[in-house]
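Below is one structure, written out as structure tokens; the observations come after it.
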Amino acid sequence: MNDRPVPPVTAAELRLRWMPAVERLPEIPAEYRRPELSVRSAARLLGVDEQAVKHLIDAGLSAQEQPYGMVLDRYDLLNLGLLAGTGRSAAEAAELRWTAQPAGPPAGWTTARRLRLALASHCSAGCTRAPGPPLCATALAEQTATVHTWRTLRPGGRVLAEVTLRGRRCRARSRAAREVFGEIYDGLLTGRYRYARLPPALAARPERALAAGALDPVTAALVMAVHARAAGLEARTRAGFLLAPPGPRQTAALPHAWTEIRECGHWLPLDPLQAYRAGRHPDFADFCRGSRPNWLLPLTHEAHCPATAHRCSDGGVPETSCRQLPGGGRCP
């Protein structure tokens, strides 16, 4: 983010958009919270001025007082931006980068795309020892990803890769699969479930996440896998990243997760969270019940498991990030 001036938040915007969003924030349990961001950093993340952040704290936004000032939790701020829906926040910008793609013609959802990526792992507790071993090329699901180059810059360090992603159109046909998908998708549409961004450790415990009034992709994947197995389906969860269209700038990919069920010898994704978040095309929800789009980078590990190994004395877990590098595009 940069330090460019942001449009001031008007009293009406504060009252009608931001204050109600504070009231609707999911209550993240204390053991999963990490209040580390200053008021200035919070203002950047929300796309507002620092005075607006102070007004939000006065209105009930959780903040912790430290000798050097107030600090806030990153996930509170991400969810606040999404709930306010003003178009200002970094969380909204990240969502918009990939959600524009499903709005296009369905033929473009599966076209092969060549991409340049940078993947890296770090410790959630901020420890300086790099997680390792680094991701290897076999971490990508072979069915829809072809690896052209995969270069590790140093042991445990960043990976530079060039890959081709292609979508695959299928449909989960069993009634049980439709019901597993529909339980989450319909719950999101009716408000029984609320989409939110959650700390990985909380997302991996569905009972705690749902008690907090929130559902993120990892939580949804784990819940659906349990329901699918109870219905007699063979199921697994997977993790990966949602990518933006190739462009001239480096952009961060969004972590994602989903459930896969086995039908007719194939693993088919069930992804109601993606359908809900980007459902601007009338056919997209049906597409997400068995198909895989070409903006999804699929890894081979389970949704709630880290992609790399790491031992941290402070209880940190390895988190993998992905950035799209300039270049790439639709394959001829």
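Every letter in the sequence shown is one number past the one before it in the UniProt record's numbering, and letter 5, counting from 1, is 5. Note that the Cβ used here is the ideal one computed from N, Cα and C, for glycine as well. What you are looking at is a predicted structure, and each value in this text was computed from that prediction instead of being measured.
Residue i vs residue j beta-carbon contact at 8 Å
i: P269; j: G167; result: no
i: Y185; j: L215; result: no
i: F241; j: L254; result: yes
i: H304; j: A204; result: yes
i: L115; j: L165; result: yes
i: A90; j: L45; result: yes
i: G290; j: A145; result: no
i: P217; j: I28; result: no
i: A42; j: L77; result: yes
i: F287; j: W109; result: yes
i: A278; j: L233; result: no
i: V6; j: D58; result: no
i: P282; j: L188; result: no
i: P246; j: R113; result: yes
i: H148; j: V159; result: no
i: A225; j: Q324; result: no
Rounded separation between residue i and residue j - CA only
i: C312; j: V71; result: 24 Å
i: P326; j: A161; result: 12 Å
i: Q66; j: A212; result: 26 Å
i: T251; j: W267; result: 29 Å
i: residue 356; j: R238; result: Here the chain covers residues 1 to 332 and nothing more, so residue 356 does not appear.
i: H227; j: R208; result: 17 Å
i: A118; j: R97; result: 17 Å
i: M1; j: G69; result: Below a pLDDT of 50, predicted positions are generally treated as unreliable, and M1, at 47, falls in that range; the measurement from the model is reported next regardless. Each residue's alpha carbon lies about 21 Å from the other.
i: T10; j: G60; result: 19 Å
i: A230; j: R197; result: 27 Å
i: S62; j: T99; result: 29 Å
i: Q64; j: L296; result: 37 Å
i: W18; j: L80; result: 8 Å
i: G85; j: E92; result: 7 Å
i: E13; j: A257; result: 33 Å
Boundaries (first-last residue) of the alpha helix (DSSP H) holding residue i
i: G69; result: Element bounds for G69: not the alpha helix (DSSP H) but the beta strand (DSSP E), 69-73.
i: R262; result: Where R262 is concerned, there is no enclosing alpha helix (DSSP H), although the beta strand (DSSP E) it sits in stretches over 254-263.
i: W267; result: Counting along the chain, W267 falls outside any alpha helix (DSSP H), though it belongs to the beta strand (DSSP E) covering 266-270.
i: L96; result: 90-99
i: A285; result: 284-287
First and last residue of the uninterrupted beta strand (DSSP E) at residue i
i: L115; result: 113-123
i: R236; result: 235-242
i: H301; result: Run containing H301: none; DSSP gives neither H nor E here.
i: L222; result: Unbroken run through L222 is the alpha helix (DSSP H), 217-230; no beta strand (DSSP E).
- With contact counted as at least three CB pairs below 8 Å, one residue from each stretch, are the stretch 96-107 and the stretch 259-266 in contact? no
- Task: Note down, one range per segment and in chain order, each alpha helix (DSSP H) of at least 4 residues found wholly within the stretch 19-63.
- Result: 19-24, 39-46, 50-58
- Query: In chain order, which alpha helix (DSSP H) runs of at least 4 residues are fully inside the stretch 153-214?
  - Reply: 175-190, 200-203, 206-211
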